[in-house]
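I have placed the structure first, in the form of structure tokens, so that the comments after it can refer back to it.
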Amino acid sequence: MKILVCISHVPDTTSKISFTDNDTKLNTSGVQFIIGPYDEYALSRAIELKEGSGGTVTVLNVGEADTEPTIRKALAIGADDAIRVNAAPKDGYFVAQQIAAVAKDGNYDMILMGRESIDYNGGMVHAIVGELLNLPSVSPVMKLDVEGNKAVMNREIEGGKETVEVEMPFIAGCQEPIAEWKIPNMRGIMSARTKPLNVVDPVGTDDVVSFTSYELPPTKGECKMIDASEPEKLVELLKNEAKVL
Amino acid sequence: MAILVYVEGSEGEIKKSSLEAVSYAAALAKNLNTDVTALVMGSLPADQVELAGKYGASVVLHASDAKLDQAQGEPYASVITAAAEKAGADIVLMAKSSLADSMAGRVAAKLKAGLVTNVVDLPSTDGGFKVKKSIFTGKAFVHAEVKSDKKVLTVSKNAFPASETGGQANVETFEPQLDDSVFRVKVTNTEKASGDILLTEADIVVSGGRGLKGPENWNLVEDLAKALGAATGCSKPVSDLDWRPHHEHVGQTGVKVAPNLYIALGISGAIQHLAGVNSSKVIVVINKDPEAPFFKAADYGIVGDVFDVVPKLTEAVKALR
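Chains as they are written, first to last, in our numbering: chain A, 4 to 248; chain B, 40 to 360.
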């Protein structure tokens, strides 16, 4: 089985977000970048599938050279090789077009990625890649098993879940609890240094969306504290002051 | 610039978030001096099919083919694209949802349109088309400029109020060609908690954390939620421990919510949890630890043991209602 896993390079979930250059750039000072958490679930399931029935796992990232430590971590977790499309991701459409360009001749049985990146929360890449490659796409996938030439997946729907079947090849946007995250061991970390990481040039695309400036939400006022012996006071404030009851 | 808005149904009713999207479309149409066409798919009662008219759509296209009763991204994206062509729409809108995530990208790719998801405000259309969207799971916003002729937007829940205009729409049957090739994903089973209020659609959400000490104590959360007519959620550790199902996990890597009122019981407020709830209008935190970081993000707080405070709070809510 040949699996392509697309990973994003995003600030750690604990990062405090701020902006620089007159609110036109993310302030990366002190920010640790990681594999997108949803993407890491996809990667972990891909490694499990490879360990179960053989095959290869290739990771793909659209990013400039500073994303290579993140890609090496994916190799340390167990991917066999990596491709970096040498371009700063402009928006989800741009990223999807780069993924489709890499994947179109790759004969992958499945293309896995997270349901969304945790920076721009676009949640669009799997569907666009599916359309560009004329492949079925399923998201958000919380369970994925292979039975012969088809995949059986559980997809989360609002208030429940669906079981779906689809023939390979297909694309899936993944989320927990599809697999347990894998911690790279020393052997994995050492071997990751020598695994192939191929850098390819981006394909030309139409510039459809650009991000012009950023802003933070307004600062919250002070929390109004209510004595634990007077919960009815809270109800009164929610009704008459906040007007949410 | 004609506008098409997709209106999503769930369990025989149009979703509140979709009515917000229709109101958003109506407000945008007013700014652009154009009309709104709404699209409804699958079997729904007539009054629900017509509902978009009350919120500002002048035409409702109803694609009632039984094949569309099962909502799936690929066929739905085909129908939306066909409807956009029929309506001559340059702008396609829909409410942000799990379904929207699986089809908005396909619609954008079919139309070669720029797509902006999680939109929180009406676009500025003076000198370009700029729209504000939520990023970093509500920790920030970005202004996105859509440069393509056609545009697709998904509107965040509770970002724009649903308001009736008193209008009425002409309902037209819409029968696009449905090629079997778009039904490649076969649904073999559906498990849905019927009767529960959808977490993502709820006006009030009550969530529990590890302070509840175990799943056997969840009646505290459920009783308060029932008294308030609220949906229930939980923190990530709680779903990781299998006390509650994953679809109740609220947070950065779970469900993002934006209710009018969010009540956190026994949740300390890790930054990842806050990211999933910080778009809520009012946040109430009840925790016995006065140093819990959640109090910094809350509007109202009670320092106390949830096992003492919550039953009294539930009784106070019942007394009010």
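For glycine and all other residues, C-beta sits at the position ideal for the given N, C-alpha and C.
Using a threshold of 9 Å, state whether the C-beta atoms of B:Y339 and A:K93 are closer than that.
Taking 9 Å as the Cβ cut-off, B:Y339 and A:K93 do not qualify as a contacting pair.
Looking at the secondary structure, which residues open and close the beta strand (DSSP E) in which B:A179 lies?
That run of the beta strand (DSSP E) goes 179 to 185.
The beta strand (DSSP E) spanning A:K146 covers which residue range?
From DSSP, the beta strand (DSSP E) with A:K146 extends over 140 to 150.
By the criterion of Cβ-Cβ separation under 8 Å, what are the contact partners of A:S213 in chain B?
Neighbours of A:S213 on chain B, chain order: A183, E184, K186.
When the distance is taken between beta carbons, is B:K351 closer than 9 Å to A:P234?
Yes, they are a contact pair.
For A:P139, I'd like the list of residues in its chain whose CB is within less than 6 Å of its CB, leaving aside the five on either flank, ordered along the chain.
Cβ neighbours of A:P139 beyond the five flanking positions: V169, F173.
From the DSSP secondary-structure annotation, give me the bridge partner or partners of B:G48.
Partner(s): B:I53.
Is the number of C-beta pairs between the segment 215 to 231 of chain B and the segment 102 to 115 of chain B that are closer than 8 Å three or more?
Yes, the segment 215 to 231 of chain B is in contact with the segment 102 to 115 of chain B.
List, in order along the chain, the chain A residues whose C-beta lies closer than 7 Å to that of B:E230?
Residues of chain A passing the Cβ test: G163, K164.
For B:Y301, which residues of its own chain have a beta-carbon under 6 Å away from its beta-carbon, when the five flanking residues on both sides are left out?
For B:Y301, where only same-chain residues beyond five positions count, the Cβ hits under 6 Å are V244, V316, S319, I322.
Hey, does A:K223 have any beta-carbon neighbour from chain B nearer than 9 Å?
Yes - at least one Cβ of chain B is within 9 Å of the one on A:K223.
Could I get the ranges of all uninterrupted alpha helix (DSSP H) runs contained in the segment 96 to 133 of chain B, with 4 residues as the minimum, in chain order?
DSSP runs (the alpha helix (DSSP H)) wholly in the segment 96 to 133 of chain B: 112 to 126.
Under 9 Å, do B:T229 and A:G163 count as touching if we go by C-beta distance?
Cβ distance < 9 Å, so B:T229 and A:G163 count as in contact.
With 8 Å as the limit, tell me which residues of the segment 75 to 102 of chain A have their beta carbon closer than that to any beta carbon of chain B; keep them in chain order.
Hits within the stretch, in order: D94, G95, Y96, A99.
Would you report the Cα separation of A:E150 and A:S56, rounded to the nearest angstrom?
Those two C-alpha atoms are separated by around 11 Å.
Would A:V202 be called buried (16 or more neighbouring beta carbons within 10 Å of its own) or exposed?
Its Cβ having fewer than 16 others within 10 Å, A:V202 is exposed.
Rounded to the nearest angstrom, what separates B:H101 and B:Q87 at their Cα positions?
Cα to Cα, B:H101 sits roughly 11 Å from B:Q87.
Check the Cβ of A:S142 against every Cβ in chain B and list those closer than 7 Å, keeping chain order.
By Cβ distance, chain B contributes D140, S141.
In the structure shown, what three-state DSSP assignment does A:R190 receive?
It is helical.
Over what stretch of residues does the alpha helix (DSSP H) that includes A:L135 continue unbroken?
Where A:L135 is concerned, the enclosing alpha helix (DSSP H) stretches over 128 to 136.
Is the beta carbon of B:R360 sitting closer than 9 Å to the one on B:A266?
It is a contact, given that the beta carbons lie within the stated cut-off.
Which partner residues of B:A270 appear in the DSSP bridge assignment?
Its beta-bridge partners are B:V244.
On a Cα-Cα basis, can you pick out the residue from B:D74, B:V44, B:A85, B:A60 that is closest to B:E52?
Nearest of B:D74, B:V44, B:A85, B:A60 to B:E52, Cα basis: B:A85.
Which whole-angstrom value is the C-beta distance of B:A198 and B:L132, which I expect to be below 8 Å?
Rounded, the Cβ-Cβ distance is 12 Å, inconsistent with contact.
Measure the beta-carbon distance from A:E51 to A:A182 and round it to whole angstroms, keeping in mind my assumption that it falls under 8 Å.
About 6 Å; that satisfies the 8 Å criterion.
Using C-beta distances below 6 Å, list every residue in its chain close to A:G81, excluding the 5 sequence neighbours before and after it, in chain order.
Answer for A:G81: I50, listed in chain order.
Assign A:P220 to one of three DSSP states: helix, strand, or coil.
DSSP places A:P220 in coil when its eight states are reduced to three.
Could you check if A:D108 is buried or exposed, using at least 16 other CB atoms within 10 Å of its CB as the buried criterion?
With fewer than 16 other Cβ atoms within 10 Å, it is exposed.
Can the beta-carbon of A:F214 be found less than 9 Å from the beta-carbon of B:A179?
No, the Cβ-Cβ distance between A:F214 and B:A179 is not below 9 Å.
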